[in-house]
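2 protein chains.
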Amino acid sequence: MSKLLDSVVGELSRLPGVGRRTALRLAMHILKMEREDVASMTGAIDDFRNNICRCAKCGNLSDEEVCEICSDPSRDRSTVCVVEQVGDLLSIEKTHQYRGVYNVLGGVISPMQGIAPSDLRIDLLLDRIAAGDVREVIIAISASVEGETTMFYLMNRLRGYSGVKITTIARGIGFGDELEYVDEHTITQAMMNRREINQ
Amino acid sequence: MSKLLDSVVGELSRLPGVGRRTALRLAMHILKMEREDVASMTGAIDDFRNNICRCAKCGNLSDEEVCEICSDPSRDRSTVCVVEQVGDLLSIEKTHQYRGVYNVLGGVISPMQGIAPSDLRIDLLLDRIAAGDVREVIIAISASVEGETTMFYLMNRLRGYSGVKITTIARGIGFGDELEYVDEHTITQAMMNRREINQ
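Those sequence lines, one after another, are chains A and B.
Mapping of the first sequence onto our numbering: position 6 corresponds to residue 92, and the numbering continues sequentially without gaps.
Mapping of the second sequence onto our numbering: position 171 corresponds to residue 257, and the numbering continues sequentially without gaps.
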């Protein structure tokens, strides 16, 4: 086998979800791409890896020391939404409805995976609260066992701060979800938290 | 969104089978990789794209003008196995049973995708046959409509050369395939080409 091909297949198959077969398919695609497009892709990867930072205020990925959201004067600094990872932040941003700021934990507490509270960016949140600006902390963590554990841990840590309301995103049936396929726990929560329809 | 992140997600999502969500997951993985490992991956991609050649004798991917297989004196040049693409060649090589050489067509005839016979590397095969070394051409092309079309086209082109046997790989039930899930055409072929068991 060609050394160049063997090398690119070996390197690509280190990526998650990419086996040797997929890596070969990617290599054949790369071969069909224009050289400058390949150079632009590999350049973007190197540039991202070498120059991206974590925002010093919220843990979001950022080109600067402080991210675009934290440095945007139009965002409401009195509301902090706590998320697990950057992807969750991007999903909330896509709605264009939320105008507060974030705290990106960088994971959830998981003894199984060896993730302790000290591995999460909780200090940034406490610093922000200690500075006195925060009036509401929205916990938007996934409803897994690890997620719930993390939520209870956070609630304990935040208990001492008076004047800070702690909320969590609503659990319920998603738009487009078929009730038949929704798990019992979600249905139970959706029934308990039912709303009156104003006619 | 961070420009560096936006750029890497945009570039990665040009790859086949990679949407923006997968691209983001890859980016987060790249962030966790060591810088030198990322540099080694992007280097391998650039090196592959800029320096890989097609073997002048068979169309295989190669680091040199002639590939390792064609330049290996122990390979039997009188047998040429015609395959669609490099992945097929690699699959046959993995068996360590075939000692002949190859001809990599680079696709199959497909009017729907605008692939004409002139787009395939058939001339290399004819050159090899004209040189007088070839005694058998094994056609190992997938049994799709396009594959069969390509096989008949090749058989027509090779008709003029006496002394060259043309064969095709056996169709039948694969090891581990459950008969229940095998298509009718394959079962028909497997029944027709049944072999007597020597007891």
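Cβ coordinates follow ideal geometry from the N, Cα and C atoms, glycine included.
Cα-Cα separation, T236 (chain A) to L176 (chain A)
Going from the Cα of T236 (chain A) to the Cα of L176 (chain A) covers about 21 Å.
Based on the DSSP output, what are the partners of S292 (chain B) in its beta bridges?
In the structure displayed, chain B extends from 87 to 285; residue 292 (chain B) sits before or after that span and is not available.
For the alpha helix (DSSP H) holding N242 (chain B), just list the boundary residues, first then last.
231-244
One or two residues paired with A226 (chain A) in a DSSP bridge
A:V169
Please report whether the beta-carbon of V172 (chain A) lies at a distance below 8 Å from any beta-carbon of chain B.
yes
With DSSP as the reference, identify every bridge partner of Y188 (chain B), one or two as the case may be.
B:C167
Name the chain B residues that come within less than 8 Å of E97 (chain A), Cβ to Cβ?
At a beta-carbon threshold of 8 Å, the residues of chain B lying near E97 (chain A) are S126, M127, A130, I131, ordered along the chain.
Go through its chain and collect everything with a Cβ distance to Q275 (chain A)'s Cβ below 7 Å, but skip five positions before and after it.
R257, G258
Limits of the alpha helix (DSSP H) - the one that T286 (chain B) falls within
Outside the shown range of chain B (87 to 285) lies residue 286 (chain B), about which nothing can therefore be said.
For S157 (chain B), which three-state DSSP category applies?
coil
Near-chain B residues of the stretch 230-248 of chain A - C-beta to any C-beta below 8 Å
none
Do S88 (chain A) and I138 (chain B) have their beta-carbon atoms positioned less than 8 Å apart in this structure?
yes
Please classify G103 (chain A) as buried or exposed, where buried requires at least 16 neighbouring CB atoms within 10 angstroms.
exposed
Can you give me the start and stop residues for the beta strand (DSSP E) that T181 (chain B) sits inside?
Counting along the chain, T181 (chain B) falls outside any beta strand (DSSP E), and DSSP gives it neither H nor E.
N-terminal and C-terminal residue of the beta strand (DSSP E) that I252 (chain B) is part of
251-254
What distance in whole Å lies between the Cβ atoms of P203 (chain B) and Y239 (chain B), which are believed to be in contact at a cut-off of 8 Å?
Rounded, the Cβ-Cβ distance is 6 Å, consistent with contact.
Can you list, in chain order, the residues of its chain whose CB lies under 7 Å from that of E151 (chain A), leaving out five sequence neighbours each side?
Once the five neighbours on either side are set aside, the close Cβ partners of E151 (chain A) are C139, A142.
State the CB to CB distance for the pair I178 (chain A) and C167 (chain A), rounded to an integer number of angstroms; the pair is presumed to be in contact (CB under 8 Å).
Yes, I178 (chain A) and C167 (chain A) are in contact; Cβ-Cβ is about 7 Å, under 8 Å.
V268 (chain B) at chain C interface by Cβ criterion, 8 Å:
Within the model displayed, chain C is absent; protein chains A and B are what it includes.
I'd like to know whether the C-beta of F134 (chain B) is nearer than 8 Å to at least one C-beta of chain A.
yes
With the cut-off set at 8 Å, would you say V194 (chain A) and I224 (chain A) are in Cβ contact?
no
Quick one: list the residues of chain B neighbouring I138 (chain A), beta-carbon separation under 8 Å, in chain order.
S88, L90, L91, L117
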